[in-house]
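Residue numbers (our numbering), protein chains in the order written: chain A, 16 to 329; chain B, 138 to 558.
Glycine is no exception: its CB is placed at the ideal position from the N, C-alpha and C atoms.
Quick caveat, the model's predicted, so the values are computed rather than measured.
Worksheet: one structure, shown below.
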């Protein structure tokens, strides 16, 4: 498959602060590519530059053969954007919103009407189409927000954290929609700070942190970077001192890395079962009560931890 | 162009679906007009224009009866509360009084005025018509309402004389041509006509307590609401334009402006659409208020074409103010605060509450920066029977003001890089 997106050394600076530090990557037609990173990593800024909202400080990107800096109007015709924040007119109904945005993408007449009804069906809001958006639940609004991005059948769809702040049911519906769209042939660039979403949806993942793309590849390729390791996760009580326990692990063989997030200690090890006994012993020695223990296969969280020394939620 | 139009239409729809905005755009001006109408006695039949003792200087150089009849009219009991005439002998001195803003208008009745209308004996012997001599009304441009009232009184006086003159002369000429009367008999008939004309202005009850005629001849009362209603509509028009301006920044904050910017719509189309939306909302608001007050209060706004053109010019100018405060502000809340302050200040300065003629000259001068004052002049002129042709000054002023403000706001928007990062 040819590349639909090619990014070359994209940089965005705000005064002295560099939000995006020369990232480069490509996306092939038909792929779901996720940019995974914590809040403030530069995901939204990257999407803003690729969607021509912000001009890059340097570098360039081509989408469907059009440069975002030289041919922004051609790029806009080729892309659909689902922004992180709801960008809808709440006093208009879902149908009126879709009609307006369809018109902004050059649709008109019966083509517009048909496409609006099609999208309303796709996002499951045909029966509520006449209601004003302000009367919708958060999940329903998110679905309209996605619907707007689909109206003109873009070649590449940017979805910027579309599941932030919604209930699990709506989140599931959105993830299913993304998969359906991809099955229909749409290429998707999806940003998230939820590892599970990236794992479930993506053909390839780019991990971004502090404006740098620190790893890129399929899930398998990325987890290989961590090696054949497992993650042992200890949940300790709220009154306990997990950092003291991590310090005690320094002399335990086979513990490659140990990090604390809130009251959770993640231990990266070649064999979780081998280190389980000494870990529990160290906890008992210090009188630290362990509430529960999970053993996890290598995942993107572990990759991020391995690459940055921090958890995605940090 | 189509997208600009569509964005504008969308904004009108949004504005008229916002209940809070509707209260300010339509309900508030209606209620305030109604309230002020009640205070001024408009609805109790005890109507008062709120305008009294209009200073006017009259120079009567005519030694005939009609000149004196006009002087008597201004001295009549009927107009005692409305006008405060003084009399002079020098036209130039009278004009100076106007120039110095001592009076609202000077009426100069030239010598031979009566003779130009009522021919001397023997004038019909050769069938020639007497040469016209015109009364000069020298109006004070800074007191358009008062000057308009004086003009209306003079117009009323002249129209009654003209009716009698044309009818009489036509009759006598027809009798002469047909040979039914001799030139000597025509003189006798002329004397009779003279007698009737001399009696005409005084005998008939001059309905000139603020009466004038529209272009189509319809009699029209100057209604205090014709001043109050546009005053209130113009004041709340300033709310509408600031509301519209605020929507530009609000769209930025709520993400719809960035979403528009990543659609195949360029920033000029978007900005143009927003401006068009503000303009259109203002026009619709004004037209609803005009229609509503016409229906509910039986208010006659005057010449329809003049009203429409004046509304367009006033909204254009007001939109310019809305754009400039939007270009200067950083947040929607700032536009809202500045817009509310502007609405009130412009309302007061522009004469929405108190006639500008009752304000000090400095305030009258400052008031000219407001669209309210120019538009109110125009609406008053129309209510007094003026037509579009009488509105060149306020319309030119409004369009110029709007144009300058638009230019300045476009430059400011460019500097702020509001829509394109």
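Simplified DSSP assignment, three categories, for residue i
i: residue 344/B; result: Bear in mind that a pLDDT of 29 at residue 344/B, under 50, signals an unreliable position, so the model cannot answer this.
i: residue 215/A; result: helix
i: residue 383/B; result: helix
i: residue 269/A; result: coil
i: residue 248/A; result: strand
i: residue 521/B; result: coil
i: residue 490/B; result: coil
i: residue 350/B; result: With a pLDDT of 34 at residue 350/B, under the threshold of 50, the modelled position of that residue is not reliable, and the figure given next carries that caveat. Strand at residue 350/B.
i: residue 43/A; result: strand
i: residue 314/A; result: coil
i: residue 253/A; result: coil
i: residue 60/A; result: helix
i: residue 233/A; result: coil
i: residue 303/A; result: coil
i: residue 221/A; result: strand
i: residue 112/A; result: helix
i: residue 73/A; result: strand
i: residue 172/A; result: strand
i: residue 53/A; result: coil
i: residue 148/B; result: helix
i: residue 321/A; result: helix
i: residue 98/A; result: coil
i: residue 237/B; result: coil
i: residue 274/B; result: strand
i: residue 34/A; result: strand
Nearest candidate by alpha-carbon position, reference residue i, set the options
i: residue 419/B; options: 454/B, 289/B, 491/B and 167/B; result: 454/B
i: residue 384/B; options: 298/B, 171/B, 525/B and 158/B; result: 158/B
i: residue 299/B; options: 272/B, 287/B, 189/B and 387/B; result: 272/B
i: residue 49/A; options: 33/A, 190/A, 246/A and 105/A; result: 190/A
i: residue 98/A; options: 129/A, 134/A and 159/A; result: 159/A
i: residue 65/A; options: 311/A, 55/A and 83/A; result: 83/A
i: residue 134/A; options: 114/A, 121/A, 146/A and 152/A; result: 114/A
i: residue 389/B; options: 131/A, 101/A and 58/A; result: 101/A
i: residue 313/A; options: 259/A, 234/A, 264/A and 249/A; result: 234/A
i: residue 224/A; options: 30/A, 37/A and 17/A; result: 37/A
i: residue 166/A; options: 129/A, 152/A and 176/A; result: 129/A
i: residue 142/B; options: 286/B, 417/B and 205/B; result: 417/B
i: residue 201/B; options: 146/B, 248/B and 291/B; result: 248/B
i: residue 39/A; options: 259/A, 140/A and 227/A; result: 227/A
i: residue 424/B; options: 404/B, 451/B, 382/B and 533/B; result: 451/B
i: residue 138/B; options: 410/B, 468/B and 536/B; result: 410/B
Under 8 Å by beta carbon: chain A residues contacting residue i
i: residue 393/B; result: 102, 103 and 104
i: residue 143/B; result: 115, 118 and 119
i: residue 389/B; result: Going along chain A, no residue has its Cβ under 8 Å from residue 389/B, so there is no contact; the nearest lies around 11 Å.
i: residue 151/B; result: 104, 106 and 107
i: residue 140/B; result: 118 and 119
Amino acids of chain A, ordered along the chain, whose beta-carbon sits closer than 7 Å to that of residue i
i: residue 402/B; result: 119
i: residue 386/B; result: The contacting residues do not exist; residue 386/B stays about 15 Å from chain A at best.
Supposed contact pair residue j and residue i - C-beta distance, whole angstroms, cut 8 Å
i: residue 118/A; j: residue 127/A; result: 7 Å
i: residue 367/A; j: residue 19/A; result: Since the first and last residues shown for chain A are 16 and 329, residue 367/A lies out of range.
i: residue 270/B; j: residue 250/B; result: 5 Å
i: residue 400/B; j: residue 479/B; result: Contact doesn't hold; Cβ gap of about 32 Å is too wide.
i: residue 271/A; j: residue 283/A; result: 5 Å
i: residue 157/A; j: residue 131/A; result: 18 Å between Cβ atoms; not a contact.
i: residue 147/B; j: residue 402/B; result: 12 Å between Cβ atoms; not a contact.
i: residue 35/A; j: residue 27/A; result: 4 Å
Counted within 10 angstroms of its Cβ, other Cβ atoms place residue i as buried (16 or more) or exposed
i: residue 219/A; result: buried
i: residue 341/B; result: Interpretation of residue 341/B is limited by its pLDDT of 40, a score under 50 that renders its predicted location unreliable; the figure taken from the coordinates is listed afterwards. That one is exposed.
i: residue 558/B; result: A caution first: residue 558/B carries a pLDDT of 45, below 50, which makes its placement in the model unreliable, though a value can still be read off. When all chains shown are included, residue 558/B counts as exposed.
i: residue 168/B; result: exposed
i: residue 509/B; result: buried
i: residue 321/A; result: buried
i: residue 288/A; result: exposed
i: residue 294/B; result: buried
i: residue 407/B; result: buried
i: residue 46/A; result: buried
Closer than 9 Å at the beta carbon, the chain A residues around residue i
i: residue 411/B; result: Correct list: empty, because the minimum Cβ distance to chain A is about 13 Å.
i: residue 236/B; result: Within 9 Å Cβ-Cβ: nothing; residue 236/B doesn't reach chain A, min ~54 Å.
i: residue 154/B; result: 106, 107 and 147
Within chain B, partners of residue i - CB distance below 7 Å
i: residue 92/A; result: 401
Contact list for residue i against chain B, beta-carbon separation under 9 Å
i: residue 67/A; result: 398 and 399
Under 8 Å by beta carbon: chain B residues contacting residue i
i: residue 179/A; result: Residues of chain B passing the Cβ test: none, with the nearest at roughly 13 Å.
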